[in-house]
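J.: Sequential numbering of the sequence shown, starting at 34, is according to the working numbering.
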Amino acid sequence: MKALTVLPLTAGSARVEDRPDPVPAAGELLVEAVALGVCGTDREIADGEYGWAPPGADRLVLGHESLGRVRTAPAGSGFAEGDLVAGVVRRPDPVPCGACARGEFDMCRNGKYTERGIKEIDGYASELWTVETAYAVKIDKRLGELGVLMEPASVVAKAWDQIEHVGKRSWFEPQRVLVTGAGPIGMLAALLGVQRGLEVHVLDRVDAGPKPAAVAALGATYHSESAREVGERLRPDIVIEATGVPEVIADALAHNAEYGIVCLTGVSTAGRKIHVDVGGANRDIVLENDVVIGSVNANLKHYADAERALAAADPAWLGSLITRRVQLEDYATALKPEPDDIKVVLTF
Ligand code: BGC
């Protein structure tokens, strides 16, 4: 079978290579790949900035936003040939820490978790893959190819779950949410905000292409001014930051409502420095009882939340998020972002 692999921490090492077909172990599904979403993390790994090969191996099979069709399933597993599935990304650390022991592997406390296609376990960018039934999520057949949005939707469902947990520490009836970044995470965050009946605003630097139209189609408002201008004007109760851009993060922290909750979801590249008035930011956060949360990954509960959110969404709107489809062999073009991209998908 063909697989897209990289030599971690080595820029330009991505290639499609032949690998032996995987053999499912007891309790595992054998799955034929249908599609694979490409995200910023994959690009970082391909650029040599992130990623770990499995123990004893040099190369890592890339890919964590999976969609596949079951070829074989263990008897009595609840899965059957032909089912559409997505594989969960993270596995608990082997110790395990208290969070991982309770199924909250997205909240791992010792950093020894592993992740398919990212950290020490081969990913899903291969024509065939296996997955433990306990870490396979069934996708409603009506979603079809849109099931490839399951993993990013799970990340967003977790972010909202975190916001709601934190919000409930006092009276909490948020009205207005600002999402910074109109990529797949930002768009799905906006969708889940609209589904909650909130007034949703999305900010991105582009002012043309598919992003403004997709935001409008959701009934949300699109902005392309600076995060400072928009934040000052709107004073959102909730900010979901999905750019990872230092200036945008600083503005998100500074310009929100009293009791504002800022949820950071973008994994920035470290090393670029900007000037921030930390004293001023601290004063606002303290005097307003604001909270800044980091949120990464998702556990099985969030996949279930994501499933409900995708099922309730307009399929045509979800389809508008997939702006490019690229065959596995042309992975290099998929790994190169284009200005009008929302979600780029590899097809098999
Ligand atoms: C993935 C997460 C993962 C994170 C950090 C993200 O791109 O969606 O599942 O936990 O990268 O590795």
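For every residue, glycine included, the Cβ atom is placed at its ideal position computed from N, Cα and C. Quick caveat, the model's predicted, so the values are computed rather than measured.
Would the beta-carbon of residue 212 fall within 8 Å of that of residue 273?
T.: Taking the sequence shown and counting its residues from 1, the one referred to as residue 212 is at position 179. Taking the sequence shown and counting its residues from 1, the one referred to as residue 273 is at position 240. Yes, Cβ-Cβ distance for residue 212 and residue 273 is below 8 Å.
J.: Could you tell me if residue 244 is buried or exposed, where buried requires 16 or more neighbouring beta carbons within 10 angstroms of its beta carbon?
T.: Your numbering for residue 244 matches position 211 in the sequence shown. Label assigned to residue 244: buried.
J.: What separation, rounded to the nearest whole angstrom, lies between the Cα atoms of residue 74 and residue 252?
T.: Walking along the sequence shown from the start, residue 74 turns up at place 41. Walking along the sequence shown from the start, residue 252 turns up at place 219. Cα-Cα distance, rounded: 29 Å.
J.: Report yes if the CB atom of residue 179 is closer than 8 Å to the CB atom of residue 42, and no otherwise.
T.: Within the sequence shown, residue 179 is the residue found at index 146, counting from 1. Within the sequence shown, residue 42 is the residue found at index 9, counting from 1. No, these two residues do not count as a Cβ contact at 8 Å.
J.: Given this structure, state the Cα-to-Cα distance separating residue 373 from residue 254, to the nearest angstrom.
T.: Translated into the one-based positions of the sequence shown, residue 373 becomes position 340. Translated into the one-based positions of the sequence shown, residue 254 becomes position 221. One C-alpha to the other measures close to 18 Å.
J.: Using a Cβ-based criterion (distance less than 7 Å to any ligand heavy atom), does residue 50 qualify as near the ligand BGC?
T.: Reading the sequence shown from its first residue, position 17 is the one you call residue 50. Outside the cutoff, so no.
J.: I need the straight-line Cα distance from residue 46 to residue 365, nearest angstrom please.
T.: Indexing the sequence shown from 1 puts residue 46 at position 13. Indexing the sequence shown from 1 puts residue 365 at position 332. Going by the C-alpha atoms only, they are around 11 Å apart.
J.: Could you check whether the stretch 211-229 touches the stretch 304-324, counting it as contact only if at least three pairs of C-beta atoms, one from each stretch, sit closer than 8 Å?
T.: No, the stretch 211-229 does not touch the stretch 304-324.
J.: On the DSSP bridge list, what partners appear for residue 255?
T.: As a working mapping, residue 255 is identified with position 222 in the sequence shown. Per DSSP, 235.
J.: From this set, 241, 158, 302 and 357, which residue's C-alpha is nearest residue 385's C-alpha?
T.: Any question about residue 385 goes unanswered here, given that the chain covers just 34 to 381.
J.: Report the start-end ranges of each alpha helix (DSSP H) in the stretch 62-97 that is 4 residues or longer and not cut off at the edges.
T.: 73-79
J.: Please classify residue 141: does DSSP put it in a helix, a strand, or coil?
T.: Mapped onto the sequence shown, residue 141 falls at position 108. Coil.
J.: For residue 366, does the three-state DSSP call read helix, strand or coil?
T.: Taking the sequence shown and counting its residues from 1, the one referred to as residue 366 is at position 333. Three-state DSSP puts residue 366 in a helix.
J.: Is there a Cβ of chain D sitting closer than 8 Å to that of residue 358, yes or no?
T.: Of the protein chains in this structure there is only one, and it is not chain D.
J.: For the beta strand (DSSP E) containing residue 36, list its first residue and its last residue.
T.: The sequence position of residue 36 within the sequence shown is 3, counting from 1. Residue 36 -> beta strand (DSSP E) spans 35-39.
J.: In whole angstroms, give me the CA-to-CA distance for residue 134 and residue 123.
T.: The residue you call residue 134 lines up with position 101 of the sequence shown. The residue you call residue 123 lines up with position 90 of the sequence shown. Going by the C-alpha atoms only, they are around 13 Å apart.
J.: Leaving out the 5 sequence neighbours to the left and right, which residues in its chain are closer than 8 Å to residue 270 when beta-carbon positions are compared?
T.: Within the sequence shown, numbered from 1, the residue matching residue 270 stands at position 237. 207, 208, 209, 210, 289, 290, 292, 293 and 294, listed in sequence order.
J.: Thinking just about the alpha-carbon of each residue, which of 118, 97 and 99 is nearest to the one in residue 105?
T.: Numbered from its first residue, the sequence shown carries residue 105 at position 72. Nearest of 118, 97 and 99 to residue 105, Cα basis: 118.
J.: Once you ignore the five residues that flank residue 136 on each side, which residues in its own chain have a CB closer than 7 Å to its CB?
T.: Translated into positions along the sequence shown, residue 136 becomes position 103. Excluding sequence neighbours, residue 136 sits near 332 and 333.
J.: How would you label residue 376, buried or exposed, when you count the other beta carbons within 10 angstroms and need 16 or more for buried?
T.: Position 343 of the sequence shown, counted from the start, is the residue given in the question as residue 376. So residue 376 counts as buried.
J.: Does DSSP classify residue 105 as helix, strand or coil?
T.: Against the sequence shown, residue 105 aligns to sequence position 72. DSSP places residue 105 in strand when its eight states are reduced to three.
J.: Looking at the structure shown, is residue 316 part of a helix, part of a strand, or coil, going by DSSP?
T.: As a working note, residue 316 is residue 283 in the sequence shown. Helix.
J.: For the beta strand (DSSP E) that contains residue 273, what are its first and last residues?
T.: For the purposes of this step, residue 273 is identified with residue 240 of the sequence shown, where counting begins at 1. 271-274 is the extent of the beta strand (DSSP E) around residue 273.
J.: Looking at the unbroken beta strand (DSSP E) that takes in residue 195, where does it start and where does it end?
T.: The residue you call residue 195 lines up with position 162 of the sequence shown. Not the beta strand (DSSP E): residue 195 falls in the alpha helix (DSSP H), residues 183-200.
J.: Quick check on residue 160: does DSSP put it in helix, strand or coil?
T.: Here residue 160 refers to the residue found at position 127 when the sequence shown is read from its first residue. In this structure, residue 160 counts as coil in the three-state DSSP scheme.
J.: Where DSSP assigns a beta bridge to residue 51, which residues make up the other side?
T.: Your numbering for residue 51 matches position 18 in the sequence shown. Bridge partners of residue 51: 35.
J.: Say the cut is 7 Å; is the CB of residue 74 nearer than that to a heavy atom of the ligand BGC?
T.: Position 41 of the sequence shown, counting from 1, holds the residue named residue 74. Indeed, a heavy atom of the ligand BGC lies less than 7 Å from the Cβ.
J.: For residue 129, which residues of its own chain have a beta-carbon under 6 Å away from its beta-carbon, when the five flanking residues on both sides are left out?
T.: Stepping through the sequence shown from its first residue, residue 129 is reached at position 96. Answer for residue 129: no residue qualifies.
J.: Where does residue 226 sit, in a helix, a strand or coil, going by DSSP?
T.: Sequence index remark: in the sequence shown, residue 226 carries index 193 (1-based). Here residue 226 sits in helix by DSSP.
J.: Closest to residue 173 by C-alpha separation, out of 250, 283, 89 and 100, would be which residue?
T.: For the purposes of this step, residue 173 is identified with residue 140 of the sequence shown, where counting begins at 1. Of the listed residues, the one whose Cα sits closest to residue 173 is 100.
J.: DSSP three-state label for residue 176, please.
T.: On the sequence shown, residue 176 is found 143 positions in, with the first residue counted as 1. In the structure shown, residue 176 sits in coil (DSSP, three-state: anything other than H, G, I, E or B).
J.: From the DSSP output, which residues share a beta bridge with residue 327?
T.: Looking up residue 327 in the sequence shown gives position 294. Paired residues: 297.
J.: So does residue 142 have its beta carbon nearer than 7 Å to some heavy atom of the ligand BGC?
T.: Start at 1 with the first residue of the sequence shown, and residue 142 comes out as number 109. Residue 142: no, Cβ never under 7 Å from the ligand BGC.
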